[in-house]
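Undergrad:
Number of protein chains: 2
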Amino acid sequence: MSEVAATGISVLLVDDHPIVRQGYRRVLESQGDLHVVAEADNAADAYGAFKAHDPDVVVLDISMPGASGLEAIRNIRARSPRARILVFTMHNEAVLVKSAFAAGASGFVTKSSEPSAVVNAIRSVARGERAMSDDIAHVLAEDSLSPTGSVLDQLGEREIEILRQFAGGATTEEIAAQLNLSVKTVQNYHYLIKSKTGARTDAQLVRLAATCGLTRI
Amino acid sequence: MSEVAATGISVLLVDDHPIVRQGYRRVLESQGDLHVVAEADNAADAYGAFKAHDPDVVVLDISMPGASGLEAIRNIRARSPRARILVFTMHNEAVLVKSAFAAGASGFVTKSSEPSAVVNAIRSVARGERAMSDDIAHVLAEDSLSPTGSVLDQLGEREIEILRQFAGGATTEEIAAQLNLSVKTVQNYHYLIKSKTGARTDAQLVRLAATCGLTRI
DNA sequence: TGCAGCTCGGGCAAATTTCCCAAGCCGGAT
DNA sequence: ATCCGGCTTGGGAAATTTGCCCGAGCTGCA
């Protein structure tokens, strides 16, 4: 930690947009204590860059939520549990946030945050603290958080089956007929799945199912 | 034009993310000939800022594409036909690109472009030329070769925008707020889109949007 | 034995969806 | 000029679904 104080905080920037990366780099470098020691433009390269530079903080800016970003987090954390990862994205869905923290992220800030909030989050994460922007805290607070794992782990077999069929495009009646259940039961499952996963929309449910490999599109 | 050569190119930055704006500003300013004279964080403010500063180029970085962005373009162009607008977004769907040019944009570059390509695009646009990044040209080329009527061809601009947001996971209220429509109108669009496309389920709608490249999962 | 969690469904108010309709606007055809 | 058709915007009302509460029958497990 003393070396951090002496040399500042080294940062690995992961973002798939070059100019966005360059912009962030300049913003961070202008802070004085933050130094971007490496960049990566995709989740796959992120771990290699992490290994090579051992940064204090990884700033992961994933415009496309879901598997690739979460995968990168898990990848890095699995092999370097000390890694500090700050997710930085424009998305603010509870599902995503919870998945990110579950995957091992140390912080989560949205792009709507003030630049000062972002750099402060980086400093917090570097100190080993958890950090999140106000809007994220609000989203999580709304969402009566349950200590969950990989989203699908919270679901029972029946729930998963119904989610699969639903995401595949089946109507409630079709699912009920297919599984020999009453429509009411399927509706209840539908609701239950949404509340368990934190999805507030059918569309979010489909995306969730897709990123979990439950259905392909 | 000679004044452009003498004083450089003045730029109005429009983006809803503060830190992104700050990043771009630094990147552009570092070029020497590009000067960010104003910023706006939403489509509504864009025209006011344009009027107040009369920039050579407007760089519109809309994370949420569609009506609000297209609207801003039309707004500015309607009252200042000389305006040069460069759309700068992470989206690369042919529908969006064509709509943007139809609305009066002078250029379209994606965030996957190299920073040098972006600043060159700004310079081209300032000279009154049309500009687009390589990937956009590629997308448009592909699109022009496919006479296949995509499902999207049946949909109007508003419908496409609402479909995109819906498939992205937004609720009806969020879409209504975002586009400044009544919830009722969004509901009607929702229904209309379903009947036009033949989708009987929200999930089918999401899959449709995904296969049309309207949203990625 | 008893608790916990899954599965299955009823009930009911609140919300949404489903259609149908109308009006304004604009572009193109007559 | 005029009309037609399509887009956009929303109201209305019936039908359906959702949100959330509930109980009951299973199972496994402590």
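As they're listed, the protein sequences go chains A and B. My numbering applies: residue 1 is where the first sequence begins, and numbers increase by one. My numbering applies: residue 218 is where the second sequence begins, and numbers increase by one. Ideal Cβ placement from N, Cα and C applies to all residues, glycine included.
#1: List the residues of chain B that E114 (chain A) touches, going by C-beta distances under 8 Å, in chain order.
#2: Mind pulling the beta strand (DSSP E) runs of 3 or more residues that sit fully within the segment 164 to 188 of chain A?
#3: Of all the CB atoms in chain B, is at least one closer than 7 Å to the CB of V58 (chain A)?
#4: Which same chain residues, not among the five before or five after V87 (chain A), have their C-beta less than 6 Å away from its C-beta?
#5: Suppose you measure from the CA of R84 (chain A) to the CA of V125 (chain A); what does that come to, to the nearest Å?
#6: Per DSSP, what kind of secondary structure is T197 (chain A) in: helix, strand or coil?
#7: Can you find a C-beta in chain A that's less than 7 Å from the C-beta of R243 (chain B)?
#8: V206 (chain A) lies in the alpha helix (DSSP H); which residues open and close that run?
#9: Identify every residue that forms a DSSP beta bridge with F305 (chain B).
#10: What does F383 (chain B) touch in chain A if you count any residue whose Cβ is under 7 Å from its own?
#11: Given 8 Å as the limit, is there contact between the segment 248 to 256 of chain B and the segment 36 to 50 of chain A, that is, 3 or more CB pairs closer than that?
#12: Among the residues of its own chain, which have a CB less than 6 Å from the CB of S227 (chain B), if the five just before and after it don't count?
#13: CA-CA distance, V58 (chain A) and K411 (chain B)?
#14: Taking 7 Å as the CB-CB limit, is Q22 (chain A) close to chain B?
#15: Are the C-beta of A102 (chain A) and some C-beta of chain B separated by less than 7 Å?
#16: Suppose you measure from the CA of N180 (chain A) to the CA of G48 (chain A); what does that come to, to the nearest Å?
#17: Taking the C-alpha atoms as reference points, what is the distance between V335 (chain B) and A176 (chain A)?
#18: What residues of chain B sit near A111 (chain A), judged by a beta carbon separation below 7 Å?
#19: Within the 7 Å Cβ cut-off, does R207 (chain A) reach chain B?
#20: Please report the distance separating the alpha-carbon of T185 (chain A) from that of Y191 (chain A).
#21: DSSP three-state label for D54 (chain A), please.
#22: By the criterion of Cβ-Cβ separation under 9 Å, what are the contact partners of R417 (chain B) in chain A?
#23: Please list, in chain order, the chain A residues whose beta carbon lies closer than 7 Å to that of I434 (chain B).
#24: Would you verify that the beta carbon of V118 (chain A) is, or is not, closer than 7 Å to some beta carbon of chain B?
#25: What residue range is occupied by the uninterrupted beta strand (DSSP E) comprising L229 (chain B)?
#26: If I follow the unbroken alpha helix (DSSP H) through A255 (chain B), where does it start and stop?
#27: Using the beta-carbon count (16 or more within 10 Å), is K111 (chain A) buried or exposed?
#28: Take D419 (chain B) as the anchor and find which of A:A199, A:E174 and A:A167 has the nearest alpha-carbon.
TA: Taking the coordinates as given:
#1: P235 and I236, listed in chain order.
#2: If only uninterrupted beta strand (DSSP E) runs of at least 3 residues are considered, none is enclosed by the segment 164 to 188 of chain A.
#3: So, not an interface residue.
#4: Contacts found: L60, A100, A105 and F108.
#5: C-alpha separation (whole angstroms): 6 Å.
#6: T197 (chain A) falls in the helix class under three-state DSSP.
#7: Cβ-Cβ to chain A under 7 Å: yes for R243 (chain B).
#8: Run containing V206 (chain A): D202 to T211, per the alpha helix (DSSP H) assignment.
#9: For F305 (chain B), the pairing in a beta bridge is given by DSSP as B:V326.
#10: Chain A residues near F383 (chain B): A203.
#11: With a cut-off of 8 Å, the segment 36 to 50 of chain A and the segment 248 to 256 of chain B do not count as touching, because too few Cβ pairs lie within range.
#12: Excluding residues up to 5 positions away in sequence, H252, V254, P272 and D273 lie with their Cβ nearer than 6 Å to the Cβ of S227 (chain B) in the same chain.
#13: Whole-angstrom Cα-Cα distance: 42 Å.
#14: It does; some Cβ of chain B falls within 7 Å.
#15: No, because no Cβ of chain B sits closer than 7 Å to the Cβ of A102 (chain A).
#16: Distance between the alpha carbons of N180 (chain A) and G48 (chain A): 50 Å.
#17: Roughly 53 Å separates the two Cα atoms.
#18: Inspection of the sequence shows that residue 111 (chain A) is occupied by Lys rather than by Ala. Residues of chain B passing the Cβ test: H234, I236 and V237.
#19: Interface criterion met: the Cβ of R207 (chain A) is under 7 Å from a Cβ in chain B.
#20: Rounded to whole angstroms, T185 (chain A) to Y191 (chain A) spans 10 Å at the Cα level.
#21: It is coil, neither helix nor strand.
#22: Those within 9 Å of R417 (chain B) in chain A are G169 and T171.
#23: Residues of chain A passing the Cβ test: G66, R207, A210, T211 and I217.
#24: True, the Cβ-Cβ gap to chain B drops below 7 Å.
#25: Unbroken beta strand (DSSP E) run through L229 (chain B): I226 to D232.
#26: Following the DSSP letters along the chain, one finds A255 (chain B) in no alpha helix (DSSP H) but inside the beta strand (DSSP E) bounded by residues L251 to A257.
#27: When all chains shown are included, K111 (chain A) counts as buried.
#28: Per the C-alpha coordinates, the member of A:A199, A:E174 and A:A167 positioned closest to D419 (chain B) is A:A167.
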